[in-house]
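Residue numbers (the numbering used here), protein chains in the order written: chain A, 158 to 627; chain B, 10 to 102.
See below for the structure under consideration.
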């Protein structure tokens, strides 16, 4: 429509801001970038661009530093932080001429699975007002699901792209660790964090991923590997391809309706020509406890930078430097962030380091080895993304472990550094749910191919919530 | 995980817990540690720890200046600064 001049880039962007206002009850956005966005749209109207994302409005998770635009990471401690530089991911997307519409709400420092830990209040799931959107990239998922933007950026440390994608009925991919630069991403757990796209379709995710990936000298864990065109293999036949079905996955806690959705998807893949192969991941059940040692340890170290000295909020009138640190951090962090910092300090402290941190890293190797063995025989591994569809706010009670188990199926891909995606594959009580496809190291193209072929046969990804303000 | 341990790790973390939340947080931490204690039962003798999924050592680059000096921009966003330094309460009397 834009190239035919039926609608201008500026009109598209203005429409996005109208939709954001109409749907402000979703609380999906924390900061809008209206003036710059309209200016960029006008520039693109005057000088049309050939770049792949020209004029496409994209919502950016508030975990990415954006030059000159407030970046809070969902935390009070950064509620006044305006970065003097942009994350590499943001630069890559903007260099492809997308329009960064604004910053999306999220769990504080990405620590949460329901968006209930954001300092700026819950994000609402467009599929039901009392429903959580998942987390931590809940604002991004909600904005895409509500049709406000066609795509958004997210980050995933233990499931933070895939779980909200599942709960909001959209598609999201966490790439291989190292595919996307972490420079300018506010660090939570550096050996697990990875950014990726969230959109309605696999095809759109592939288009965004093409721009997000790069080899970045500013991130020492950025991979210097060939980056394929992720759109190229989407339509490859699945004939004879092998899907690993994890036979020791404990599905007993799942509702029958959740199991049926999962099994129906596997049948759909068989009809597409793929073959189901039983595989074993014997240490999979240890992934959540392993994660809750490794991630808090890395978080306690990463979050030591928030001390009220160089940027962000500082407490008022501290009597000395020590009190400045303690008060700034105690006032600035929420309860979940404090819990994880404390756990991290505990497992890293003298006398406990070997028993917890070293032990967890050893189990992490066992989990990775399970995947290495499995991938010698299959092309992808499939599981449900989540244990069920979106739950109601407050329903997990005050026991943090109940919330941690929300990421049961997603965490292992982060521990092993593997690419994984979630795509909508069914509906339970009119609430969407997702299928997880895990790929081998650097095999994003393979999981995108599996995802896209499913979306050529089904239309779950086109379902939208009723009663949206349009 | 008891009150004394929580006091120690709070100090290490430079966090002060609200008195009314201390009991709940202590209890949460106790449950989380009990939950991760299941790792104890796994046989990991002769297993090398995995610190990073890439298992590559950090790459080094040529010692050349590649970033612009953002001194002014960085001092500007600091809670308190003068022309050259971040300012904090006096440390030495």
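Backbone N, C-alpha and C define an ideal beta-carbon position, used for all residues, glycine too.
The model shown is predicted, which means the values in this text are computed figures rather than measured ones.
Under a three-way DSSP split, which group does residue i fall into?
i, result
"residue 12 of chain B", "helix"
"residue 313 of chain A", "strand"
"residue 433 of chain A", "strand"
"residue 402 of chain A", "strand"
"residue 500 of chain A", "helix"
"residue 608 of chain A", "helix"
"residue 187 of chain A", "strand"
"residue 295 of chain A", "helix"
"residue 261 of chain A", "strand"
"residue 467 of chain A", "coil"
"residue 223 of chain A", "strand"
"residue 90 of chain B", "strand"
"residue 326 of chain A", "coil"
"residue 369 of chain A", "helix"
"residue 195 of chain A", "helix"
Contact check, residue i vs residue j under 8 angstroms by CB: the rounded distance?
i, j, result
"residue 432 of chain A", "residue 400 of chain A", "7 angstroms"
"residue 439 of chain A", "residue 45 of chain B", "Actually they are not in contact, since the Cβ atoms of residue 439 of chain A and residue 45 of chain B sit about 19 angstroms apart, beyond 8 angstroms."
"residue 606 of chain A", "residue 390 of chain A", "5 angstroms"
"residue 583 of chain A", "residue 418 of chain A", "3 angstroms"
"residue 570 of chain A", "residue 331 of chain A", "7 angstroms"
"residue 579 of chain A", "residue 323 of chain A", "5 angstroms"
"residue 262 of chain A", "residue 231 of chain A", "7 angstroms"
"residue 344 of chain A", "residue 452 of chain A", "About 11 angstroms separates the two Cβ atoms, so there is no contact after all."
"residue 258 of chain A", "residue 173 of chain A", "6 angstroms"
"residue 59 of chain B", "residue 521 of chain A", "4 angstroms"
Could you tell me the alpha carbon to alpha carbon distance between residue i and residue j, rounded to whole angstroms?
i, j, result
"residue 10 of chain B", "residue 555 of chain A", "19 angstroms"
"residue 342 of chain A", "residue 311 of chain A", "10 angstroms"
"residue 374 of chain A", "residue 76 of chain B", "11 angstroms"
"residue 386 of chain A", "residue 224 of chain A", "28 angstroms"
"residue 563 of chain A", "residue 301 of chain A", "22 angstroms"
"residue 305 of chain A", "residue 459 of chain A", "33 angstroms"
"residue 197 of chain A", "residue 256 of chain A", "7 angstroms"
"residue 351 of chain A", "residue 334 of chain A", "6 angstroms"
"residue 313 of chain A", "residue 411 of chain A", "23 angstroms"
"residue 467 of chain A", "residue 534 of chain A", "51 angstroms"
"residue 90 of chain B", "residue 469 of chain A", "13 angstroms"
"residue 216 of chain A", "residue 247 of chain A", "11 angstroms"
"residue 270 of chain A", "residue 101 of chain B", "45 angstroms"
"residue 38 of chain B", "residue 21 of chain B", "15 angstroms"
"residue 176 of chain A", "residue 382 of chain A", "40 angstroms"
"residue 94 of chain B", "residue 79 of chain B", "13 angstroms"
"residue 35 of chain B", "residue 624 of chain A", "44 angstroms"
"residue 308 of chain A", "residue 354 of chain A", "7 angstroms"
"residue 461 of chain A", "residue 315 of chain A", "21 angstroms"
"residue 243 of chain A", "residue 49 of chain B", "42 angstroms"
"residue 43 of chain B", "residue 348 of chain A", "24 angstroms"
"residue 614 of chain A", "residue 288 of chain A", "29 angstroms"
"residue 465 of chain A", "residue 275 of chain A", "20 angstroms"
"residue 32 of chain B", "residue 602 of chain A", "49 angstroms"
"residue 477 of chain A", "residue 96 of chain B", "12 angstroms"
"residue 596 of chain A", "residue 547 of chain A", "25 angstroms"
Going by CA-CA distance only, name the one from the options that's closest to residue i.
i, options, result
"residue 539 of chain A", "A:280, A:515, A:576 and A:552", "A:576"
"residue 384 of chain A", "A:395, A:375, A:391 and A:369", "A:369"
"residue 532 of chain A", "A:499, A:436 and A:478", "A:436"
"residue 362 of chain A", "A:329, A:389, A:352 and A:371", "A:329"
"residue 646 of chain A", "A:295, A:322 and A:288", "Residue numbering for chain A in the displayed model covers 158 to 627; residue 646 of chain A lies beyond these limits and cannot be assessed."
"residue 428 of chain A", "A:610, A:476, A:283 and A:534", "A:610"
"residue 236 of chain A", "A:244, A:227 and A:567", "A:227"
"residue 297 of chain A", "A:475, A:457, A:549 and A:187", "A:187"
"residue 210 of chain A", "A:486, A:366, A:543 and A:622", "A:366"
"residue 19 of chain B", "A:499, A:557 and A:254", "A:499"
"residue 599 of chain A", "B:63, B:27 and B:12", "B:63"
"residue 457 of chain A", "A:475, A:472 and A:495", "A:495"
"residue 213 of chain A", "A:254, A:239, A:403 and A:238", "A:254"
"residue 394 of chain A", "A:550, A:249, A:206 and A:536", "A:536"
"residue 523 of chain A", "B:27, B:53, B:29 and B:47", "B:53"
"residue 145 of chain A", "A:190, A:299, A:561 and A:321", "Residue numbering for chain A in the displayed model covers 158 to 627; residue 145 of chain A lies beyond these limits and cannot be assessed."
"residue 483 of chain A", "B:17, B:15, B:24 and B:81", "B:24"
With 16 as the cutoff for other CB atoms within 10 Å, does residue i come out buried or exposed?
i, result
"residue 337 of chain A", "buried"
"residue 559 of chain A", "exposed"
"residue 415 of chain A", "buried"
"residue 70 of chain B", "exposed"
"residue 357 of chain A", "buried"
"residue 510 of chain A", "exposed"
"residue 180 of chain A", "buried"
"residue 604 of chain A", "buried"
"residue 701 of chain A", "Because chain A is modelled from 158 through 627, residue 701 of chain A falls outside the range shown and cannot be assessed."
CB of residue i to nearest heavy atom of the ligand ATP: below 7 angstroms?
i, result
"residue 538 of chain A", "The model on display carries no ligand, and the ligand ATP is accordingly not part of it."
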